[in-house]
Structure formats: C-alpha cells, structure tokens
Amino acid sequence: MTVRLNPLVLGLTLLIGIPGLIFAARAFATYHDATEAFTKTELQYVRGSFRWEDPEFENATAVFRIVNGSQFEITVESLMVALTFDGEFAGTDYERWQPIRVAPGDTRDIPFNFTVTSNSIQPRGGTANLGFRGQLRITFAEFEEPLAFRFSGNIGVTPYEGE
Amino acid sequence: MKANDLRAALRTRAGMLMVGALQWLLLTGTLGALVIYTDRSLQGLIGYHLQAGYAFFGALVIGLLFGATIERTRVLSVVVLMACAAAAGMYAAVLYLPVWTGVIVSTSGLQNFATSRSILHFGLMLVPTGIGAVAGQLLGPMIPGGDLLQDPKRYEAEDWWLTRRSRGESDASRRSP
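So this is what it looks like as structure tokens:
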C-alpha cells in the first residue's frame, strides 16, 4: 500500500486546502486587476493647451488630463509639474495640491498655472524649447500600493500670442 | 456494507490516485497561496501580506500532511518536490497572468525576476515541507483515527498505538511463525 488515509489528516487537508485554493485564486484575480488598473490610468498633456498669460513670460497656463480607464475609483494624491526652458527648470505651479477623485472610466482636465521664478532665463520664454517634468501619485481604494511615477514631455517653442 | 464498498473503491489504484491527486491539488494550492501572500514584491497589490514565518509553518504542516498520507519515501519525495515546484510556479504564474491576458508586455526584466524569485521560493519552501514530510511519515501511523483503507476491527483495540505503530512491523510479525 502506498497511501494511508487517515480521516483526521484528510479532514485537515480539506480544512486548509479549500481556503488555500480560494485565497490563491483571489491573489491571481487581485493582482491582475491591480496591473490592469495601473496600466489603464494615464496622465496626458493636452496638446496646444500651453499659453503665455503675459508678454514678460512670467505666467502661463497648460492643461493636463488624467484618464482613469480602470474599473476602480482613483484619487490623485499629488501632481507636481515643473516647466522647463531648454531642459532647465523655469518655474512651477506653486498652489497647494488638493486631492481629486476620478470615477472609473472618467477623465479629468487639470489646469496648471505656472509661475516662472528663474528670473535669469525668464526672457527666453518665447524662444526656448519648452518642456515639463514632474511626478504623479495616484491611490486606489482597493490596493495599498500607490501608482507613482515621474514623467517628462515636450511642449515646443511657444511665443506669446496676446490677449 | 457501504463503508466496505467505499474502502474497496479507495483501495484500487484509481481510487488511491484520485485521493492522492486531490490532496496534492489542495495542499499545493495552499502552499502556492502562502508563497504569493508572503512575497514582498506583491505586497500592497493583492490585499493581504503574511510574514515569512507563517509560510514556513504552513509549509511544515503541509509537509506533515503529505508525510502522514504517503507511506513510500520515494513517492513522498517526488510529491513534495512537485508540490514545491508547482507552488513556486504559481508565484510566477501570478506575475505572468497580466502578460497572458495582454495587459502588460513581457520584458527580460520580468522574466529574470519571475525566474529568480520562483527558484528562491522553491528552495525556501522545500526545506520546511521536506522536514514536515519526514516528521509526517514518522508520526503518520500514530495519528488517531486509523486508516480508512484498513479493516476497522484492527483499530478497535485500546492499544491501537502499539499495534499500528508501523505497518511494516505488523506485516513482519504476521509473517513470523
């Protein structure tokens, strides 16, 4: 005989085996949902939304878009964007960030008001190659792990267009 | 009569294989779940996180249950090795599930990570499961409740723990004049 079927051992096998299988299946499903949520949440710069507010190149606005393609509600805990002139830090939006919630499948446009604080390069605002870099932190109610990443992008040369 | 029929069915090769396969599936699934829930890389993404001690203790118990059920050491070794390999494979499968469903793409970084962590988990699980299996094989005949495959009359005696300590021993005593 190869096996010994003890009812106590069999009972214990069922007792720990069935919940074990259920938890394993849950882990598969939850991890899959988490990766899907992470990959379907995007931050986009709205092309052409950047504009100078004054000819001195001190203030500018731009719109960034959060796309929540996941099946979960997200909270944008922080979003920091820095404006760059030819890759050099020029300024940022100095207003305190208020967390915002984005429903599943929804998008939210976030206007940014940049203030150029690097006075030495400020006159180059209309001729420099503008860009942005920043970092984003998003939390999901279903997962402890936040989605946090750094990003950068190019806006291009944007002269002052007037009122 | 029905109990005898069930015993007869379980004593067949197919019956034993079925029970063994079911037990292997349940315990391997649990071992895999322990690996997944204790791995730090999945912390915060799958709900719960267990300390490594729970996995060690769980693997010890799982090994004990394997050892208490399987009498042949060679078969037990293969079963334990397969269980640890499958549990480590389950961890890799969790990482690869989003790749298989097209959510993310497979990169060499992911492949290396999944492979190295799976090998690590295989080794880490093999130690407590192996220890548990050895202990289970030694303690198996002493666990109260008897053996469903054996005639119940043999276990009704008060000194069941003496007469049932080792089947090999009892077989040998039966053969002796």
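Listed in order, the protein sequences are those of chains A and B.
The opening position of the first sequence corresponds to residue 1 in the numbering used here, with each subsequent residue numbered one higher.
The opening position of the second sequence corresponds to residue 1001 in the numbering used here, with each subsequent residue numbered one higher.
Backbone N, C-alpha and C define an ideal beta-carbon position, used for all residues, glycine too.
The beta carbon of residue 80 of chain A sits closer than 6 Å to those of 134, 135, all from its chain and outside the five residues before and after it, given in chain order. Taking a 10 Å sphere around the C-beta of residue 1100 of chain B, we find fewer than 16 other C-beta atoms and assign the residue as exposed. Using a Cβ-Cβ distance cut-off of 8 Å, the region 1067-1076 of chain B and the region 1098-1116 of chain B are not in contact, since fewer than three pairs of beta carbons, one from each stretch, lie closer than that value. Going by C-alpha positions, residue 159 of chain A is about 48 Å away from residue 1113 of chain B. Residues of chain B with a Cβ closer than 8 Å to the Cβ of residue 63 of chain A do not exist; the shortest Cβ-Cβ separation is about 28 Å. With respect to chain B, the C-beta atom of residue 9 of chain A has a partner C-beta closer than 8 Å. By the neighbour-count criterion, in which 16 or more other beta carbons inside 10 Å mark a residue as buried, residue 1137 of chain B falls on the buried side.
Secondary structure remark: continuous alpha helix (DSSP H) runs of at least 4 residues inside the region 1032-1094 of chain B, in chain order: 1052-1069. Here residue 51 of chain A carries a strand assignment [DSSP, helix/strand/coil]. Contact annotation for residue 1046 of chain B against chain A: 26, 27, 30, 31, 34 [CB-CB distance below 8 Å, chain order]. Classified as exposed, residue 1077 of chain B has fewer than 16 neighbouring CB atoms from the shown chains inside 10 Å of its CB. Here the region 79-97 of chain A does not lie against the region 26-34 of chain A, with fewer than 3 beta-carbon pairs under 8 Å apart. The Cβ atoms of residue 1033 of chain B and residue 140 of chain A do not sit closer than 8 Å to each other. Per DSSP, reduced to three states, the secondary structure at residue 36 of chain A is helical. Taking a C-beta cut-off of 9 Å against chain B, the contacting residues of the region 144-163 of chain A are 144, 145, 146, listed in chain order.
By the Cβ rule, the region 63-70 of chain A counts as touching the region 104-117 of chain A, because three or more pairs are nearer than 8 Å. Beta-carbon to beta-carbon, residue 1038 of chain B and residue 1055 of chain B are separated by about 4 Å, close enough to satisfy the 8 Å threshold. Comparing C-alpha distances from residue 104 of chain A to each of A/15, A/76, A/19 shows the shortest one belongs to A/76. Put simply, of B/1130, B/1102, B/1021, B/1139 the residue whose alpha carbon is nearest the alpha carbon of residue 36 of chain A is B/1102. With the criterion set as a beta carbon lying under 8 Å from some beta carbon of chain B, the region 73-107 of chain A has no members that meet it.
If you look at residue 70 of chain A, you'll find it isn't in any alpha helix (DSSP H); DSSP assigns it neither H nor E. Here the alpha carbon of residue 127 of chain A sits roughly 37 Å from the alpha carbon of residue 101 of chain A. For the 8 Å CB-CB criterion, residue 1036 of chain B and residue 1094 of chain B form a contact.
Selection B/1057, B/1118, B/1091, B/1086 evaluated against residue 1028 of chain B yields B/1086 as nearest (Cα-Cα). Using a 10 angstroms sphere on the CB of residue 6 of chain A, the tally of other CB atoms reaches 16 or more, which defines it as buried. A residue is called buried when at least 16 other Cβ atoms come within 10 angstroms of its Cβ; residue 52 of chain A meets this threshold and is buried. Apart from the 5 residues on each side of it in sequence, residue 89 of chain A sits with its Cβ closer than 7 Å to the Cβ of 82, 118 in its chain, given in chain order.
Within chain A, the residues 32 have their CB atoms less than 7 Å from the CB of residue 1101 of chain B, given in chain order.
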